[in-house]
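Notes for the one structure printed next.
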Amino acid sequence: METVPDNEPFGSETGTGSEENSKEFDEQKPNGTPTKSPSKRLNELFLREDWRSPTKARPLVLEACHILKEWPHLARKEFDMRRHEDLLIFEEYPITVFLGAGWLDWETFDTIHKLYPECLEQWCGIDGDEGYPPWYPAFTSEGAGLSKEIMTFLFTGLRPAARISTFAIGVNFPCAVYIQHVLSKERSSSEIQTTLEIFDMLWACRTRWNTLLNAAVEANSEMFIRFILSQLPDEELSFRFDPRQYDMRAAQGLDKVLPRLKALDVPFGSIAEASVFVLRALQSTNISALTLRQDDDDMLEEASVIEPAAAALESLVSTTQSLKSLEFSVGMFDGCISLKYLDAVISGMKSNQHKCIKQLSLRGLEEISIENLEGLFLTGASKIDLGNKSVIWSCMVHDSDQRWASGSPEHSKQDLWDNMCQLETLTVEGVGFRGSSFYSFMMMIGNIPSLTELHVTQGFLCQESCKRKVTEAMVSLLEKGKLRKLKFQLHIDIPLFCRHLEENTSLVDLCLSCKDQDMHGGNMEILGCVLRDHNVTLESLAMTIKAFEYVSHSNMINYFLALNRLGRQKMRCEEMLPDSFLAIISAALSEEPAMVVPLVYGLLRQSPSKWTGLAAARCQVRGAQESGKKRKLEALQEAE
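For the sequence shown, UniProt numbering assigns the number 1 to the initial residue and increments by one for each residue that follows.
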């Protein structure tokens, strides 16, 4: 075997064996049977395939530790496991596989730390499967034997840098799960006291309280829930509940925490009983923000599960007086929100007399109809966010009766929209429009009197529609003169849109999606001319290619956007007061030095007569003051 130079510190060398006594030779037992040298024994141990099996690694590491305690120098020479390429498993020490096998005692732990300190720090500080440390199973497996000494070492024995790394990857989560394991069965008073001391130690190390509270809630331990809440500031909390198993025990534990919460992020899992229990418990709380989270592998699909959960959801939404924000979210790749939950939300919000839910987010829709959208818009929410954040799955919008397609006033019930719809911000992300649904969608939101922000991102049309028709539909919406912010990632006709911008006076923030060819043929020059000669209100402009890559504007466009942002429109106002004039010029003087003179000049030339008139007016005032003083002086002289 190739010898590796001993060029790193060893740590605490314990044992009585010497290098000379560990040379490659065979000894003999009293009966004449030859025995293998420590080097040969370690060589055979470390080359065993059993290292790749965590359960089979236990006797190997025990024997290796026994040998290395007697001949510790071997840990740094011939058997430096960090450099033994045949033994590397995922670029980790072979011994780390054993350390994560679910069994550990302080003696073995301490021996490994003394012989391989970097190995142990790697064990504590690297990411393993699913982002957890490789020692995570040692805390969660049945029969976990981690002692208080090991727990103490994890928070006090590591070097500061390694300790910081350990905390960074969530050392507190396995510790909390271990505590939960302790709580899951009846324990003696001494064991409970030890666990309390561990809690104190975790708290002293500034661990995240949210993670510890997760463990206490999942175990439904009233003692530890009270302990954690007593350590927190006396204020309402935001809590994300992320249990390993969401069952009735966890739901009952969560019920003990609800009175202290202002915001809750909770699973909406496959155990209908637990979900219904929590939704009913929420009716008697003052929580203002609620997120119902469905994970990829925890979908509510069966009718026997969906119906009681939907009924409980509708009851909560229809009676709440404190809930201001409601959000649904699902996993990235699988599942979707059942339309029964959508119907429950719409029905509950419409029947709620307090109309307190102002922010509504539905992420994970598979499809939605124009009729569903109409119902959502009439719930009284001021901000709605719907669609799907996943690039893989998209929400399909369809229109069954097409009564909005023509945009006829007789079908829109404008009085109802004026009285019921309070929508100000609408975000539609990851949505595909099927058939004529896009035009129905644009016509419908054009009847929303309060809408000021619209974001249509990562969207597409199922058919190859003409860019001109898309642009005409968007221009028709903008002509209502209410939108201030627009983010629109469907390809449009740039010249046609620019003609509308010449007269638009409401739009302040604009983001458009374009193709490579849209950036040529003088389109950017047309846009620059529009800003120079006509539009004085647009302050921010972003143009993207393929929804992600932003296009650099010309200096001309940037210059006139800056003028608009500073107040070019106000500078043209005939009734502008001197104080407002000076405030705008002062703001321009605080811009980048290279832009100060051009910006000030650009603002002054908007209305030359104004600032020259102000100067003349000041001269007249100053002249009048001087004349008044002169007359007073002459009067005094005559009196004398």
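For each residue, glycine too, the CB sits at the ideal point set by N, CA and C.
Beta-bridge partners assigned by DSSP to E367: M396. The Cβ atoms of R249 and V266 lie no closer than 8 Å to each other. Contact between R48 and I67 fails: their C-beta atoms lie close to 14 Å from each other, not under 8 Å. In the DSSP assignment, A542 falls within the unbroken beta strand (DSSP E) covering S540 to I545.
By the neighbour-count criterion, in which a residue is buried when 16 or more other Cβ atoms sit within 10 angstroms of its Cβ, L290 is buried. When rounded, the separation of the alpha-carbon atoms in E453 and A216 is 42 Å.
In the structure shown, C573 falls within a coil segment according to DSSP collapsed to helix, strand and coil. Here A588 is not near L561, since their CB atoms are 8 Å or more apart.
Nearest to Q283 by C-alpha distance, out of P259, I271, I557 and F268, is P259. According to the DSSP assignment, V508 belongs to no alpha helix (DSSP H), since it is labelled neither H nor E. Per DSSP, F560 has no beta-bridge partner at all.
Taking C-beta atoms under 8 Å as the contact rule, L451 and E424 qualify, at a distance of about 6 Å. According to DSSP, H455 shares a beta bridge with T427 and K487.
With distances taken between CA atoms, I492 lies nearest to M474 out of K485, D509, M474 and L478. As a beta-bridge residue in DSSP terms, E327 pairs with T291 and S361.
In chain order, L60, E63 and A64 place their CB closer than 7 Å to the CB of L45, counting only its own chain and leaving out the 5 sequence neighbours on each side. When the beta-carbon positions are compared, T537 and Q489 stay at least 8 Å from each other. By the C-beta criterion, the region 370-378 is judged to be in contact with the region 438-445, since at least 3 inter-stretch pairs fall below 8 Å. Residue pairing from DSSP places L261 in a beta bridge opposite L237.
D247 and A274 do touch by the CB rule: their CB atoms are close to 6 Å apart, below 8 Å. Here DSSP, grouped into helix, strand and coil, assigns D242 to coil. Counting C-beta atoms within 10 angstroms of its own C-beta, N419 has fewer than 16 neighbours from the protein chains shown and is therefore classed as exposed. Close CB contacts of W417 within its chain, under the 6 Å cut and outside five residues either way in sequence, are with N447 (chain order). For L378, the secondary structure class from DSSP, reduced to helix, strand or coil, is coil. Between the beta-carbon of I306 and that of S329 there is about 17 Å, and that puts the pair past the 8 Å contact cut. Burial check for G481: the Cβ neighbour count within 10 Å stays below 16, so the residue is exposed. Secondary structure at P449: coil, using DSSP grouped into helix, strand and coil. When rounded, the separation of the alpha-carbon atoms in S37 and K69 is 15 Å.
Selection C421, D533, M396 and V508 evaluated against G459 yields M396 as nearest (Cα-Cα).
Within the same chain, Cβ atoms closer than 8 Å to the Cβ of P308 are found at A272 and V276, the five residues on either side in sequence being excluded. The three-state reading of DSSP puts G522 in coil, since its state is none of H, G, I, E or B. Excluding its 5 nearest sequence neighbours in each direction, F224 has C-beta neighbours in its own chain below 6 Å: A216, listed in chain order. DSSP, read as helix, strand or coil, puts V536 in coil. Under the three-state reduction of DSSP output, I337 falls in the coil class, being neither helix nor strand. In this structure, the CA atom of L360 is about 33 Å from the CA atom of Q231. In the DSSP assignment, G253 falls within the alpha helix (DSSP H) that extends over M248 to D255.
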